[in-house]
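Each remark here refers to the structure printed beneath this line.
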Amino acid sequence: MDLARPDLRPDPSLSTAEMETLQREIAAAATFEDDHALSPAAVAVEEAASLADGLPPARGDAVANETLPGTGDTEDGTDPPTVVGVDQAFLTDREGDRPDAAVSAVVALRGGTVVEYASATTPLSIPYVPGLLAFREGEPILAALDALDADPDLLVCDGSGRIHFREAGLATHVGVLRDVPSVGVAKSLLCGEPDESTDERPAGWRTPIRADDAVPTAEPGTVIGHAFQSRQYPNSKRVNPLYVSPGHRVSAETAVDLVAALCAGYKLPEPTRLADAHADRAKRDAE
DNA sequence: GCGACAG
DNA sequence: ATCTTGTCGC
1 MDLARPDLRP DPSLSTAEME TLQREIAAAA TFEDDHALSP AAVAVEEAAS LADGLPPARG
61 DAVANETLPG TGDTEDGTDP PTVVGVDQAF LTDREGDRPD AAVSAVVALR GGTVVEYASA
121 TTPLSIPYVP GLLAFREGEP ILAALDALDA DPDLLVCDGS GRIHFREAGL ATHVGVLRDV
181 PSVGVAKSLL CGEPDESTDE RPAGWRTPIR ADDAVPTAEP GTVIGHAFQS RQYPNSKRVN
241 PLYVSPGHRV SAETAVDLVA ALCAGYKLPE PTRLADAHAD RAKRDAE
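Counted from 1, the first sequence has number 117 at position 117 by the UniProt record's numbering; the numbering is strictly sequential.
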């Protein structure tokens with residue numbers, strides 16, 4: 001059965017009040033539990049793709065790679081889950097003022113191998129408002145996902161999921177609309193309170209983020225995500241942690257475990273890092 | 001009124 | 001997010 005909810009699409013023409021109401025519906029339709037067989041081990045990425053010579057092979061070549069012996073295959077011969085990274089870049093107008101259009105990029109990985117790329121450029125209709133990001137970037141993202149042939153088993157979105165004022169961040173919104181398991185990976189904390197200070201933590205460290213007064217829809221103290229130190233330098237400057245939260249059909253614990261498994265030596269998990277690079281390339285090609 | 005706020 | 005060179009460290 002198809003449980004996607006196209007009726008809950010992030011329509012940018014809604015009023016602020018309507019947007020917030022829609023987000024409460026999204027949160028109500030969301031599942032912050034593991035209802036699938038997605039295991040962190042199954043999606044683990046062993047080696048980072050080299051961006052030195054540009055991005056890995058585009059779709060046509062990558063499809064051929066799928067049939068290469070040992071590439072992205074699991075031991076029992078089953079196909080690994082398809083993980084799709086989603087990211088955005090913005091085009092600026094002639095005067096160099098405000099962003100004019102959004103470039104949404106999606107990159108599909110299977111067993112650490114890139115199997116497909118897609119992107120979509122959409123005019124921006126509303127400004128960025130904290131808490132309403134999905135209404136600015138949601139439509140472009142959905143357009144990019146539509147351009148993808150692959151069937152995502154997991155979406156890795158740039159931004160929050162359950163770590164949100166109404167527990168309905170970008171990752172949750174997109175996940176619910178398509179009824180696909182999703183996680184949110186943010187570079188800064190929107191709301192909620194970490195159990196411990198996140199300062200100068202070693203790679204691999206994590207601490208729960210709990211709902212506070214800024215998240216009235218959740219029972220106070222509910223774990224809505226985690227701060228996760230994906231990378232750290234031995235010396236020199238410190239790296240800030242990531243803020244990982246469930247989008248849809250994933251628990252807070254599994255969300256961090258999945259992201260940890262998807263990291264391959266860089267601060268950002270591979271799907272996000274590759275989508276980021278693809279978005280930049282698509283943007284450059286458009287200029 | 002003040003503070004605080006993903007990309 | 002975006003505007004941008006060099007620079008410090010592995």
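Glycine included, each C-beta is placed from N, C-alpha and C at the ideal position. Please read these numbers as outputs of a predicted model, since none were measured by experiment.
Would you mind stating whether residue i and residue j have Cβ atoms separated by less than 8 Å?
i: Arg-238; j: Ile-224; result: no
i: Thr-272; j: Gly-112; result: no
i: Glu-116; j: Ala-264; result: no
i: Arg-201; j: Val-256; result: no
i: Leu-242; j: Ala-186; result: yes
i: Ala-168; j: Gly-192; result: no
i: Ala-118; j: Leu-91; result: no
i: Pro-152; j: Val-180; result: yes
If contacts are defined as beta-carbon pairs under 8 Å, then residue i and residue j qualify, I think. What distance do you get, rounded to the angstrom?
i: residue 299; j: Gly-131; result: No answer is possible for residue 299: it lies beyond the span of the chain, which begins at 1 and ends at 287.
i: Ser-188; j: Gly-247; result: About 17 Å; that fails the 8 Å criterion.
i: Ala-105; j: His-278; result: 4 Å
Nearest-angstrom Cα distance between residue i and residue j?
i: Asp-100; j: Val-45; result: 35 Å
i: Ala-62; j: Ala-286; result: With a pLDDT of 45 at Ala-62, under the threshold of 50, the predicted position of this residue should be treated as unreliable, though the coordinate-derived value follows. Between Ala-62 and Ala-286, the C-alpha separation is close to 23 Å.
i: Thr-254; j: Thr-31; result: 13 Å
i: Asp-280; j: Ala-252; result: 30 Å
i: Pro-40; j: Thr-82; result: 12 Å
i: Ala-29; j: Val-114; result: 31 Å
i: Ala-102; j: Ala-218; result: 32 Å
i: Glu-25; j: Ser-13; result: 17 Å
i: Pro-208; j: Pro-220; result: 13 Å
i: Phe-228; j: Arg-5; result: 31 Å
i: Gly-159; j: Arg-110; result: 22 Å
i: Leu-142; j: Asn-235; result: 41 Å
i: Glu-270; j: Ala-17; result: 36 Å
i: Leu-133; j: Asp-87; result: 13 Å
i: Thr-268; j: Leu-55; result: It is worth fixing the name first, because residue 268 is Leu in this sequence and not Thr. If I take the Cα positions, the gap works out to 16 Å.
Given a threshold of 16 other Cβ atoms within 10 Å of its Cβ, counted over all protein chains shown, does residue i qualify as buried or as exposed?
i: Thr-172; result: buried
i: Val-250; result: buried
i: Arg-284; result: exposed
Inside the region 146 to 226 only - beta strand (DSSP E) runs reaching at least 3 residues: 154 to 158, 182 to 186 and 206 to 210
Whole alpha helix (DSSP H) elements within the region 102 to 147, 4-residue minimum: 133 to 146
Length-filtered (3 minimum) beta strand (DSSP E) runs lying within the region 33 to 57: none
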